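*Asks:* Heads up, the sequence shown is in the working numbering, so the first residue is 9 and it goes up one at a time.
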Amino acid sequence: MKSVWLASALFLVLVTGLAAQENGTIEGRVVNGTTGVPAAGLEVTLTHFSMEPMPPRTATTDDEGGFRFEGLPMGPRHGYVVSVDYAEVSYTSEFWRALQGETQHSLELWVYEITDSDQALRIARAHHVVVPQVQGLAVLELLVLANPGNRTFVPAGGSIAVPLPEGAVDLQLTEGDALGKVTLEEGVLHIRTPLPPGERELIYTYRLPLAGDSFRWQHSITYPIEFYDLLLPAGAASVSSPTLSHQGTRQIEEESYDYWSGQRLRAGERLTIEFADLPTRSSTPAVESPGLDVQAIVRWAGVALAAAGVGLALFYPRYRQRDTSPTSPSRKEER
């Protein structure tokens, strides 16, 4: 989330043209998503982003969970984020910037009780793009963690542990690690942040070193995986798996990819994929392997799942919480 704030603040600095400044109001309420009742007595913080930022303001929620900030400079050069801490977990609104002439904004923040039980956790989607190279398999993975419960999961061991395929090295986070809370340790991805109800997306790359023209992809499954798929440049290698089914060829931008997929993989299973006819230093690849275009892969994943009737929530790095019905927040002045 911090990276979103910084990017948003930078955007405000780059906005050209001065508009007449108007004062406005941001109001809302905080709801406990576990109990369904308003969260009273919580300190809400308003952070301002502009070329001349003002100090953070705070307000305390009233009996209806309401809060209100008045006298705020508005316009395209001013942006705001609202945050609240509950049960030692921080919850943050999306960045908001007023359009020309807009002077009011209402929002709702949900907080949750916590749990250290991971029984409800799922991997909603695990997308893989594999590009064979002489030095190894270059892999881009888009992982969507899902918490379908009504409590924020805080791992008792300090992290959510998600094993990568055996032999993975050179992990690089592309999206979803704004606070440096994701690491790779002995082939296991450790996510050291709470997981509220909803979904969290991570996009990262890693490499699987090769010792010849074949490779056995072995992946231990810790949490149930609802949808697992793999893309490989068409003709780059031979692939077989007892778990995944070949779904033909897909187009991403100008490139053709062979496509494999599987569904409802259970925790405790071991996924195996056999790669053969891989490029080596003494061979010439049958095709020139394209680079990994992260944005193109993300766009493709959304289109492919929409066509299959499965929604893909693409959100950069933030949590998607349950939709809530608009309400009229009670009035609570800032202090």
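Even for Gly, the Cβ is constructed at its ideal location relative to N, Cα and C. Model, not experiment: these values are computed from the prediction.
Indicate the three-state DSSP secondary structure (helix, strand or coil) for Arg-278 in the structure shown.
*Replies:* strand
*Asks:* Nearest to Thr-160 by CA position, among Val-196, His-135 and Leu-203, is which residue?
*Replies:* Leu-203
*Asks:* Using CA atoms only, rank isn't needed, just tell me which of Leu-279, Ile-199, Leu-286 and Asn-158 is closest to Gln-226.
*Replies:* Leu-279
*Asks:* Quick check on DSSP: helix, strand or coil for Arg-85?
*Replies:* coil
*Asks:* Could you name the residues that DSSP lists as bridge partners for Tyr-231?
*Replies:* Tyr-231 pairs with nothing; no bridge assigned.
*Asks:* Return the CA-CA distance between Leu-344 and Ser-114, expressed in angstroms with no decimal places.
*Replies:* Residue 344 lies beyond the residue range present for the chain, which begins at 9 and ends at 343; the question has no answer from this structure.
*Asks:* If we ignore side chains and look at the alpha-carbon of each, how far apart do Ala-284 and Ala-245 end up?
*Replies:* 6 Å
*Asks:* Please give the ranges of any alpha helix (DSSP H) in the stretch 67-121, keeping only runs that are unbroken, at least 4 residues long and fully inside the region.
*Replies:* As summarised for the stretch 67-121, there are no continuous alpha helix (DSSP H) elements at least 4 residues long confined to that stretch.
*Asks:* Express the C-alpha separation of Leu-50 and Ala-164 in angstroms, rounding to a whole number.
*Replies:* 25 Å
*Asks:* Taking all protein chains shown into account, do 16 or more other C-beta atoms lie within 10 angstroms of the C-beta of Phe-103, making it buried, or fewer, making it exposed?
*Replies:* buried
*Asks:* Starting from Gln-143 and walking both ways along the beta strand (DSSP E), at which residues does that stretch end?
*Replies:* Run containing Gln-143: none; DSSP gives neither H nor E here.
*Asks:* Using only CA atoms, which one of Pro-232, Gly-87, Asn-158 and Leu-153 lies nearest to Thr-201?
*Replies:* Leu-153
*Asks:* Given that a residue counts as buried once 16 or more other Cβ atoms are within 10 Å of its Cβ, and exposed if not, what is Glu-96?
*Replies:* With fewer than 16 other CB atoms across the displayed protein chains lying within 10 angstroms of its CB, Glu-96 is exposed.
*Asks:* What's the C-alpha gap between Glu-234 and Ala-275?
*Replies:* 11 Å
*Asks:* Hey, is Ala-176 close to the ligand SAH, as in C-beta under 7 Å from one of its heavy atoms?
*Replies:* The model depicted lacks the ligand SAH and carries no ligand whatsoever.
*Asks:* Please tell me whether Thr-257 and Gly-270 are closer than 8 Å, where the distance is taken between their beta carbons.
*Replies:* no
*Asks:* Among the residues of its own chain, which have a CB less than 7 Å from the CB of Ser-248, if the five just before and after it don't count?
*Replies:* Around Ser-248: Glu-282.
*Asks:* Please classify His-254 as buried or exposed, where buried requires at least 16 other C-beta atoms within 10 Å of its C-beta.
*Replies:* exposed
*Asks:* Hey, which unbroken runs of the beta strand (DSSP E) at 3 residues or more fall wholly within the stretch 225-271?
*Replies:* 233-241, 246-248 and 253-260
*Asks:* Can you tell which of Pro-217, Thr-111 and Tyr-212 has its C-alpha closest to the C-alpha of His-135?
*Replies:* Tyr-212
*Asks:* Skipping 5 residues on each side, what residues in its chain have a beta carbon closer than 8 Å to that of Tyr-265?
*Replies:* Sequence-distant Cβ neighbours of Tyr-265 in its own chain, meaning closer than 8 Å and more than five residues away, are Val-137, Leu-239, Leu-240, Pro-241, Ala-242, Thr-257, Arg-258 and Gln-259.
*Asks:* Output the distance between the C-alpha atoms of Arg-37 and Ser-101, rounded to the nearest integer angstrom.
*Replies:* The C-alpha of Arg-37 lies about 12 Å from the C-alpha of Ser-101.
*Asks:* So for Gly-49, helix, strand or coil by DSSP?
*Replies:* coil
*Asks:* Quick check on Asn-40: buried or exposed, where buried means 16 or more other Cβ atoms within 10 Å of its Cβ?
*Replies:* buried
*Asks:* With Glu-35 as the anchor, note down where its beta strand (DSSP E) starts and where it stops.
*Replies:* Glu-35 -> beta strand (DSSP E) spans 31-40.
*Asks:* Does the beta carbon of Tyr-265 come closer than 8 Å to any beta carbon on chain C?
*Replies:* Here there is only one protein chain, and chain C is not present.
*Asks:* Alpha carbon to alpha carbon, how far is Glu-207 from Asn-155?
*Replies:* 6 Å
*Asks:* From the DSSP output, read off the bridge partner residues of Val-162.
*Replies:* Per DSSP, none; premise fails for Val-162.
*Asks:* How many angstroms separate the CA atom of Pro-171 from the CA atom of Trp-118?
*Replies:* 30 Å
*Asks:* Return the CA-CA distance between Tyr-214 and Gln-143, expressed in angstroms with no decimal places.
*Replies:* 12 Å
*Asks:* So what does DSSP say about Arg-208, is it helix, strand or coil?
*Replies:* strand
*Asks:* Would you tell me roughly how many angstroms separate the C-alpha atoms of Glu-30 and Gly-74, rounded to the nearest one?
*Replies:* 24 Å
*Asks:* So what does DSSP say about Tyr-214, is it helix, strand or coil?
*Replies:* If DSSP states are grouped into helix, strand and coil, Tyr-214 belongs with the strands.
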